[in-house]
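In the UniProt record's numbering, the protein residues as written are 1 to 333.
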């Protein structure tokens, strides 16, 4: 048995020396054989020492690789750089007014604002003609499945509402943009106004996602609803922009009602008045100790402003004019 172990060690040593130059060339092999012959236990201790030294070298290599990896990751976190760009593109460091680093990539400090809470929440556009009645009845019909599915789960209802509410502004802005390109006309600022509305609604959604944590079937429902609503509204806006804006105006009226009921549940204790998400505090410039009630209040005010903008846009069309003929309410949140 000792003889076989000795043969194995010699053979492995010679192979390693030939392949990797680990033990030198032919000049070193006789020295290796002599050392094995001089070992008192058939080369066992030499074999053991060789194996332990190889394991130690592997451990040391892995340790160095781990240290280099941690240093690289630490440098990335410190510099806030994910990928180095060949084009030299990087976002400059932006700070808050108090000197702390701005943590958000989805919006910048100059896009934040303090919501105007003095807006009249009770305003309603009474249907005056056939298209108004069509828009009003359509929105009322759309509310029925929402009430049946969500009942008084106003957090989930708000999340679903915002996935729909962010579509019309994007569709309207996109179609006005293409119309401006085709006809070589200015838009009167309405492209930007509608895209501002879409972005504002998207920020509502990002806030509600932080609060609600949607489940898998709710995410699946969002995919289905958005797929249907986007295409339907796209066709509607091409056929009749005045009807499309009137529908959105009534949708916003329903949103105001839903958020009012949400606030009632918070005030009654049915819904816990949890701390406001950090993204909401920065976006609406809320106090650091703001709560859920404060967030829902400013979102409801935004919906009231969107109601006014879309009813105003529909009125422009009903007067036989184009949107570009009336100045757009830019920055009207």
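The C-beta atom is built at its ideal place from N, Cα and C for all residues, glycine as well.
Inset, instruction - State the Cα-Cα distance for the pair residue 163 and residue 279, rounded to the nearest angstrom. - result: Here the question's residue 163 lines up with position 163 in the chain shown. Here the question's residue 279 lines up with position 279 in the chain shown. If you take the alpha carbons of residue 163 and residue 279, they lie about 18 Å apart.
Inset, instruction - Compute the Euclidean distance between the alpha carbons of residue 313 and residue 294, then round it to the nearest angstrom. - result: Within the chain shown, numbered from 1, the residue matching residue 313 stands at position 313. Within the chain shown, numbered from 1, the residue matching residue 294 stands at position 294. In a straight line, the C-alpha of residue 313 is about 29 Å away from that of residue 294.
Inset, instruction - Please check the pair residue 304 and residue 119, which I expect to be a contact at CB under 8 Å, by giving their CB distance rounded to whole angstroms. - result: Taking the chain shown and counting its residues from 1, the one referred to as residue 304 is at position 304. Taking the chain shown and counting its residues from 1, the one referred to as residue 119 is at position 119. About 5 Å separates the two Cβ atoms, so the contact holds.
Legend entry - Cβ pair residue 212, residue 159 closer than 8 Å: The residue given as residue 212 occupies position 212 in the chain shown. The residue given as residue 159 occupies position 159 in the chain shown. Yes, the Cβ-Cβ distance between residue 212 and residue 159 is below 8 Å.
Legend entry - Check whether residue 325 and residue 173 have beta carbons under 8 Å apart: Here residue 325 is taken as the residue at index 325 of the chain shown, counted from 1. Here residue 173 is taken as the residue at index 173 of the chain shown, counted from 1. Contact: no.
Inset, instruction - State yes or no: is the C-beta of residue 202 within less than 8 Å of the C-beta of residue 166? - result: As a working note, residue 202 is residue 202 in the chain shown. As a working note, residue 166 is residue 166 in the chain shown. Contact flag set, yes.
Legend entry - DSSP-derived helix/strand/coil call for residue 321: In the chain shown, residue 321 corresponds to position 321, counting from 1. In this structure, residue 321 counts as coil in the three-state DSSP scheme.
Legend entry - Of the listed residues 239, 254, 260, 308, nearest to residue 297 (C-alpha basis): Here residue 297 corresponds to residue number 297 of the chain shown, with the count starting at 1. Selected option, being the one with the closest Cα: 260.
Legend entry - Proximity to residue 292 [Cα-Cα], best of 214, 139, 208, 93: Within the chain shown, residue 292 is the residue found at index 292, counting from 1. Cα-wise, what sits closest to residue 292 is 208.
Inset, instruction - Report the partner residues of residue 275 according to the DSSP bridge assignment. - result: Residue mapping note: residue 275 aligns to position 275 of the chain shown, counting from 1. Residue 275 pairs with 291.
Legend entry - Three-state secondary structure assigned by DSSP to residue 47: For the purposes of this step, residue 47 is identified with residue 47 of the chain shown, where counting begins at 1. Because residue 47 sits at a pLDDT of 46, beneath the cut-off of 50, its placement in the model cannot be relied upon, and the point is left open.
Inset, instruction - Alpha carbon to alpha carbon, how far is residue 244 from residue 111? Give it in angstroms, no decimals. - result: For the purposes of this step, residue 111 is identified with residue 111 of the chain shown, where counting begins at 1. For the purposes of this step, residue 244 is identified with residue 244 of the chain shown, where counting begins at 1. If you take the alpha carbons of residue 111 and residue 244, they lie about 27 Å apart.
Inset, instruction - Over the uninterrupted alpha helix (DSSP H) stretch that includes residue 190, give me the two end residues. - result: Residue 190 sits at position 190 when you count from the first residue of the chain shown. Looking at the DSSP string, the run of the alpha helix (DSSP H) that includes residue 190 is 190–212.
Legend entry - Beta-carbon contacts of residue 237 that lie in its chain and below 7 Å, excluding the five residues immediately before and after: The sequence position of residue 237 within the chain shown is 237, counting from 1. Answer for residue 237: 171, 172, 175, 244, listed in chain order.
Legend entry - Stretch-stretch touch, CB-based, cutoff 8 Å, three pairs: the stretch 181–200 with the stretch 124–139: no
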